[in-house]
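In the working numbering, the protein residues as written are 7 to 604.
See structure below.
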Ligand SMILES: *[C@@H]1O[C@H](CO)[C@@H](O)[C@H](O)[C@H]1NC(C)=O
Ligand SMILES: [Ca+2]
């Protein structure tokens, strides 16, 4: 930890020293100092090259206004004053490090329901081509608690008017990041139609092995790609790196296909069923010499009284210097007695008063006799209900064939605002998505990497040309004041962060405090990013210590299926609220925290 701060402080000092010098150096134009990364005017809005169903780069405000529809719906079942989808969306450039002319869709408001959607250029049918969904998320303020996933809205009588887009609008796929407290998620949920009775059920993909925490706090753009193929396999990538792959038939909870056999719910355990595996041996008898009365401890027979023990001196004596107080009233207070003090005669002696040997464990001790356990001759084994054929059984061999999708939207709630979305693409051709990313996300990424790199290179190059600078770094680093300051600031900041996180769990009104902390964190992270220091292990560990409590404390419904506890919650949810297709009564979106008001 200290090592990292030391490096940090060295670099900070370097930057401070260099900032006046670097301008001069640029003017010298000696070829060593290369600051220019890419001409921002080089940016052209990406266009998909090939077949696609939807593409949106948000760079054209007029086109955006024409194509996107703000929800005018109200959330059902919650208080009127928070039911409205009144979250604010804007088209604007990223706050930091944008490419000139590159705009995104930004969720500006926090702690509000926000929903916006757009019709696909072409309805996607799940036939013989894969579905590829790809988009960028930039959490410009990090994320405390909230989602940044999208929904692929199903073709349905209730989805004709996108102004009605709300949490229960039928969707086929929900995909993207979501976080609350220490619960980091990358959702992939699809709605599966039960072929027996036509009801829909949400199927939740199991979690990727690796914890995906960086994208929620590094304030960098990230690219999310989902590919689902007609053979039911799928693949999820973040920044082109595959984080999860598997099959719709195997990696989802509840499973697409129910078990063929189930326990007979009507089979009950008989009252006389004997499940006791072992019993005390009825033929065993207590041995004649077993003395149950022998005490567990006895005085040590080998102990002897230490030399110089004063048998006749008491441990405590009345204080000879104490005097009866003047206002002592024998009638009222009783006879006066001097307070007791340790007997000074005992101070130098081995001990005073009656000596008794210390206690030791009794070797004769046996305790209560118990018969040894033997197998129960009447044991019938663990009772199990009989198995019967599952009346609800079906087998769907191609869950890929979901309900066609005709629109895409964001239906969100977030405690952190300034979430920027960009370059949303839906296609049936992975190569079109890859090329689209190359013209957008990859350029952005390259620019960010180069500017981080160029700063460090700049410091090193300049220092090599002016070796005397190293002497200054060393002296500066040696200054204990600097280290103390850095260390002190660092630790108090993380304390505050923890406090804020704790507070937020129980009280959302502390949003202002959280914002202050966010700003603090911003400053720190900006420094780190500029220095190209991407190693943030320490902070991660600090956050992890109360992992596990969050789901219950924050009241977020389990939206992923990684634990049996959470998937049970989902099942309960779905059982309690069965829903039918066509009535607009689709299974609830899993996000319960929206209903939390205070
Ligand atoms: C449809 O079947 C599922 C699974 O067997 C069951 O949970 C659900 O209650 C059924 N719905 C209706 C409306 O019958
Ligand atoms: Ca854009």
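Note that CB positions come from ideal geometry on N, CA and C, so glycine has one too.
| If we ignore side chains and look at the alpha-carbon of each, how far apart do residue 374 and residue 300 end up? | Residue 374 sits at position 368 when you count from the first residue of the chain shown. Residue 300 sits at position 294 when you count from the first residue of the chain shown. Cα-Cα distance, rounded: 10 Å.
| said: Any contact between the region 412-427 and the region 187-205? By contact I mean 3 or more CB pairs, one from each, below 8 Å. | reply: no
| request: May I have the straight-line CA-CA distance separating residue 588 from residue 412, to the nearest angstrom? | output: Locating residue 588 in the chain shown gives position 582, counting from the first residue. Locating residue 412 in the chain shown gives position 406, counting from the first residue. Caution applies to residue 588, whose pLDDT of 38 falls short of 50 and renders its modelled position unreliable; the value that the coordinates give is listed next. So the alpha carbons of these two residues sit roughly 16 Å apart.
| message | So, for residue 89: in the same chain, excluding its five sequence neighbours on each side, which residues have a beta-carbon less than 8 Å away from its beta-carbon? | response | As a first step, residue 89 must be located in the chain shown, where it is residue number 83. Excluding positions up to five away in sequence, the list reads 80, 81, 82 and 119.
| field | When 366, 124 and 95 are compared against residue 157, the one with the closest alpha-carbon | value | Translated into positions along the chain shown, residue 157 becomes position 151. Comparing Cα-Cα distances from residue 157 to each of 366, 124 and 95, the minimum goes to 124.
| Under a Cβ-count criterion, where at least 16 other Cβ atoms within 10 Å of its own Cβ denotes burial, should residue 382 be classed as buried or exposed? | By 1-based counting over the chain shown, the position of residue 382 is 376. When all chains shown are included, residue 382 counts as exposed.
| field | DSSP three-state assignment for residue 188, whether helix, strand or coil | value | As a first step, residue 188 must be located in the chain shown, where it is residue number 182. Residue 188 falls in the coil class under three-state DSSP.
| message | Mapping the DSSP letters down to three states, classify residue 94 as helix, strand or coil. | response | Here residue 94 refers to the residue found at position 88 of the chain shown. If DSSP states are grouped into helix, strand and coil, residue 94 belongs with coil.
| query | What is the DSSP secondary structure of residue 268, reduced to helix, strand or coil? | reply | Locating residue 268 in the chain shown gives position 262, where the first residue counts as 1. Correct three-state label for residue 268: strand.
| field | beta-carbon residue 402 near ligand 1 non-hydrogen atom, thresh 8 Å | value | By 1-based counting over the chain shown, the position of residue 402 is 396. Not under cutoff, so the answer is no.
| said: Going by beta-carbon coordinates alone, are residue 153 and residue 184 separated by less than 9 Å? | reply: Counting from one through the chain shown, the residue named residue 153 turns up at place 147. Counting from one through the chain shown, the residue named residue 184 turns up at place 178. Yes.
| message | If we require 3 or more residues per run, which beta strand (DSSP E) segments fall completely within the region 143-183? | response | 151-153 and 156-160
| Identified DSSP bridge partners for residue 119 | Position 113 of the chain shown holds residue 119. Answer is 419.
| Cβ contact check for the region 94-112 and the region 402-411: 3 or more pairs under 8 Å | no
| query | When the Cα of residue 370 is compared with those of 380, 317, 305 and 423, which residue comes out closest? | reply | For the purposes of this step, residue 370 is identified with residue 364 of the chain shown, where counting begins at 1. Nearest C-alpha to residue 370: 305.
| said: I'd like the list of long-range same chain contacts for residue 364, defined as Cβ closer than 8 Å, with 5 residues on each side in sequence excluded. | reply: One-based indexing of the chain shown puts residue 364 at position 358. Closer than 8 Å at the Cβ level, and outside the excluded window around residue 364, lie 305, 306 and 309.
| request: Check whether the Cβ atoms of residue 442 and residue 52 sit closer than 9 Å, and answer yes or no. | output: Counting from one through the chain shown, the residue named residue 442 turns up at place 436. Counting from one through the chain shown, the residue named residue 52 turns up at place 46. In contact: residue 442 and residue 52 (Cβ atoms closer than 9 Å).
| query | Given a threshold of 16 other Cβ atoms within 10 Å of its Cβ, counted over all protein chains shown, does residue 283 qualify as buried or as exposed? | reply | In the chain shown, counting from the first residue as 1, residue 283 sits at position 277. Its Cβ having fewer than 16 others within 10 Å, residue 283 is exposed.
| task | Would you identify the three-state DSSP class for residue 522, choosing helix, strand or coil? | result | Locating residue 522 in the chain shown gives position 516, counting from the first residue. Because residue 522 carries a pLDDT of 45, less than 50, the predicted location of this residue cannot be relied on, and no value is offered for it.
| message | Quick check: what's the CA-CA separation for residue 115 versus residue 232? | response | Position 109 of the chain shown, counted from the start, is the residue given in the question as residue 115. Position 226 of the chain shown, counted from the start, is the residue given in the question as residue 232. For residue 115 and residue 232, the distance between alpha carbons rounds to 27 Å.
| query | residue 444 lies in the beta strand (DSSP E); which residues open and close that run? | reply | In the chain shown, residue 444 corresponds to position 438, counting from 1. Note, residue 444: premise wrong, no beta strand (DSSP E); alpha helix (DSSP H) at 436-444.
| message | Taking the alpha carbon of residue 295 as the reference point, which residue from 137, 372, 56 and 385 has its own alpha carbon closest? | response | Position 289 of the chain shown, counted from the first residue, corresponds to residue 295. Closest option to residue 295, Cα to Cα, is 372.
| message | Is residue 113 a contact residue of ligand 2, with contact defined as CB to any heavy atom under 8 Å? | response | For the purposes of this step, residue 113 is taken as residue 107 along the chain shown, with counting starting at 1. No, since every heavy atom of ligand 2 falls outside the 8 Å radius drawn around the Cβ of residue 113.
| Where do the ends of the alpha helix (DSSP H) carrying residue 429 lie? | As a working mapping, residue 429 is identified with position 423 in the chain shown. Counting along the chain, residue 429 falls outside any alpha helix (DSSP H), though it belongs to the beta strand (DSSP E) covering 425-433.
| query | If you draw a straight line from the C-alpha of residue 29 to the C-alpha of residue 246, how long is it? | reply | Stepping through the chain shown from its first residue, residue 29 is reached at position 23. Stepping through the chain shown from its first residue, residue 246 is reached at position 240. Note that residue 29 scores a pLDDT of 44, beneath 50, so its modelled location is shaky; the value from the coordinates is reported in the next line. Taking the straight line from one Cα to the other gives about 37 Å.
| Do residue 461 and residue 62 have their C-beta atoms within less than 9 Å of each other? | Start at 1 with the first residue of the chain shown, and residue 461 comes out as number 455. Start at 1 with the first residue of the chain shown, and residue 62 comes out as number 56. Their beta carbons are not under 9 Å apart, which means residue 461 does not touch residue 62 by this criterion.
| Are three or more beta carbon pairs between the region 346-356 and the region 317-331 nearer than 8 Å? | yes
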